[in-house]
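Single-structure report; data block below.
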Amino acid sequence: RLDDAALDQLLSRAEAHMDRTLPLTADARQAMLALADGDGRYLLTMSEVLFDLPLGERLDVQGLAGVLQRRAPAYDKSREEHYNLISALHKSVRGSDPDAALYWLARMLNGGEDPLYLARRIVRMAVEDIGEADPLSILVANAAKDTYDFLGSPEGELALAQAVVHLATAPKSVGVYEAFKAAKKAAYETGSLMPPAHIRNAPTKLMKSLGYGKGYQYDPDTPEGFSGANFFPDEMERRTFYKPKGEGHEEKVKLRLERWAAMRARMAVDGAVDAAGD
43 RLDDAALDQL LSRAEAHMDR TLPLTADARQ AMLALADGDG RYLLTMSEVL
93 FDLPLGERLD VQGLAGVLQR RAPAYDKSRE EHYNLISALH KSVRGSDPDA
143 ALYWLARMLN GGEDPLYLAR RIVRMAVEDI GEADPLSILV ANAAKDTYDF
193 LGSPEGELAL AQAVVHLATA PKSVGVYEAF KAAKKAAYET GSLMPPAHIR
243 NAPTKLMKSL GYGKGYQYDP DTPEGFSGAN FFPDEMERRT FYKPKGEGHE
293 EKVKLRLERW AAMRARMAVD GAVDAAGD
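Mind the numbering: the sequence shown is residues 43 to 320 in this note's numbering, read in order.
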């Protein structure tokens with residue numbers, strides 16, 4: 043909660059950003075601070091309405107009340123409209139429509155939504171709907187959150203807009219999302235199985251005598267950077283959880299995984315590799 047001095051300073055920053063002063067009498071400006079009631083985001087929402095007024099129009103207290111009443115956004119961040127608009131924003135990004143995504147982002151900010159809530163949701167979009175199709179997206183989303191933390195409103199909101207555009211125009215994939223869900227299910231079903239001996243930690247002589255770490259190959263030192271060793275529990279068949287769809291960056295990942303799978307199969311047939319990679 044901000045006091046009146048801090049709110050007035052926030053208004054001055056907004057005026058400097060817009061390169062114009064708010065069209066208010068001194069009394070109307072004080073009334074606006076009182077209406078904000080310590081909420082800086084709401085104060086900026088009101089100021090955006092006033093900056094949209096034609097130049098030359100100067101408002102007293104009564105005029106301010108009339109303008110704000112006419113222009114109040116139909117949005118309540120604690121009720122159904124909040125969930126409708128965040129759903130619209132998320133689905134616009136998922137549907138690769140940057141224009142609609144920007145519109146819903148602006149609607150929520152104008153309605154007084156917490157920008158950091160929006161930043162967290164943007165990070166979630168990057169993880170759930172884009173993933174390895176564009177690994178840069180999660181970095182952009184996190185950078186937008188950090189930028190807003192650093193700049194605040196109104197300048198920091200542009201970083202959220204940039205992130206929304208980047209995510210909306212990025213290739214989409216749920217490959218990692220689906221893979222992790224399947225891996226969690228398998229881990230729940232086989233949670234008592236130990237790693238194969240060759241990849242167990244062997245910090246003591248006893249563990250080494252029991253075969254821990256024996257036969258482990260350091261893949262980067264192998265001729266093709268790939269040993270073909272088994273890393274699943276010995277009692278568990280190999281599973282394929284991650285199935286890239288071939289969009290964006292995943293196109294290269296898919297080809298790489300296919301090459302490794304072929305090498306692994308060839309090594310098994312040729313007897314060039316056992317469970318430990320020997």
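All residues carry an ideal CB built from backbone N, CA and C; glycine is no exception. Note that the structure is predicted; figures quoted are calculated from it, not measured.
I need the boundaries of the alpha helix (DSSP H) containing residue i, first residue and last residue.
{"i": "aspartate 50", "result": "46–60"}
{"i": "lysine 89", "result": "It should be noted that the sequence gives serine, not lysine, for residue 89. Where serine 89 is concerned, the enclosing alpha helix (DSSP H) stretches over 82–93."}
{"i": "arginine 163", "result": "157–167"}
{"i": "isoleucine 241", "result": "Where isoleucine 241 is concerned, there is no enclosing alpha helix (DSSP H), given that its DSSP letter is neither H nor E."}
{"i": "arginine 298", "result": "292–312"}
{"i": "leucine 77", "result": "68–78"}
{"i": "leucine 209", "result": "199–211"}
{"i": "valine 216", "result": "Taken as a continuous stretch (DSSP letters only), valine 216 belongs to no alpha helix (DSSP H), as it is neither H nor E."}
{"i": "asparagine 184", "result": "178–193"}
{"i": "lysine 247", "result": "247–251"}
Buried or exposed for residue i, please, with buried defined as at least 16 other CB atoms from any protein chain shown within 10 angstroms of its CB.
{"i": "histidine 291", "result": "buried"}
{"i": "proline 275", "result": "exposed"}
{"i": "valine 234", "result": "Contrary to the premise, residue 234 reads as serine rather than valine in this sequence. Counting Cβ neighbours within 10 Å, serine 234 comes out exposed, since fewer than 16 surround it."}
{"i": "serine 179", "result": "buried"}
{"i": "lysine 187", "result": "buried"}
{"i": "alanine 58", "result": "exposed"}
{"i": "leucine 64", "result": "buried"}
{"i": "threonine 87", "result": "buried"}
{"i": "glycine 270", "result": "buried"}
{"i": "leucine 209", "result": "buried"}
{"i": "leucine 75", "result": "buried"}
{"i": "serine 134", "result": "buried"}
Check whether the Cβ atoms of residue i and residue j sit closer than 8 Å, and answer yes or no.
{"i": "valine 206", "j": "leucine 151", "result": "no"}
{"i": "leucine 49", "j": "leucine 85", "result": "yes"}
{"i": "asparagine 272", "j": "proline 238", "result": "yes"}
{"i": "valine 103", "j": "alanine 70", "result": "yes"}
{"i": "leucine 44", "j": "glycine 80", "result": "yes"}
{"i": "alanine 142", "j": "serine 89", "result": "no"}
If we ignore side chains and look at the alpha-carbon of each, how far apart do residue i and residue j end up?
{"i": "tyrosine 145", "j": "alanine 78", "result": "24 Å"}
{"i": "aspartate 263", "j": "aspartate 191", "result": "43 Å"}
{"i": "alanine 229", "j": "glutamate 220", "result": "14 Å"}
{"i": "glutamate 279", "j": "alanine 185", "result": "40 Å"}
{"i": "alanine 107", "j": "arginine 136", "result": "39 Å"}
{"i": "lysine 247", "j": "threonine 211", "result": "55 Å"}
{"i": "methionine 182", "j": "isoleucine 164", "result": "The identity of residue 182 in the sequence shown is valine, whereas the question assumes methionine. Approximately 10 Å between the Cα atoms of the pair."}
{"i": "lysine 285", "j": "aspartate 176", "result": "15 Å"}
{"i": "leucine 52", "j": "arginine 62", "result": "14 Å"}
{"i": "aspartate 139", "j": "glutamine 204", "result": "13 Å"}
{"i": "alanine 244", "j": "glutamate 277", "result": "21 Å"}
{"i": "alanine 304", "j": "valine 311", "result": "11 Å"}
{"i": "arginine 242", "j": "arginine 149", "result": "53 Å"}
{"i": "glutamine 111", "j": "alanine 161", "result": "29 Å"}
{"i": "threonine 67", "j": "leucine 95", "result": "15 Å"}
{"i": "glycine 253", "j": "serine 195", "result": "60 Å"}
{"i": "phenylalanine 283", "j": "valine 109", "result": "57 Å"}
{"i": "alanine 317", "j": "tryptophan 302", "result": "In this prediction, alanine 317 has a pLDDT of 43, which is less than 50 and means its spatial position is unreliable; what the coordinates show is noted afterwards. Going from the Cα of alanine 317 to the Cα of tryptophan 302 covers about 16 Å."}
{"i": "arginine 281", "j": "threonine 189", "result": "40 Å"}
{"i": "leucine 193", "j": "arginine 83", "result": "13 Å"}
{"i": "methionine 309", "j": "glycine 267", "result": "14 Å"}
{"i": "methionine 60", "j": "methionine 167", "result": "31 Å"}
{"i": "tyrosine 125", "j": "glutamine 72", "result": "33 Å"}
{"i": "lysine 223", "j": "glutamate 300", "result": "22 Å"}
{"i": "lysine 250", "j": "lysine 287", "result": "42 Å"}
When the Cβ atoms of the segment 166–174 are set against those of the segment 208–217, are three or more pairs found closer than 8 Å?
yes
Three-pair Cβ contact test at 8 Å for the segment 189–201 versus the segment 123–131:
Contact between the segment 189–201 and the segment 123–131 is absent, because fewer than three Cβ pairs lie under 8 Å.
Given 8 Å, three or more beta-carbon pairs between the segment 294–305 and the segment 252–260:
no
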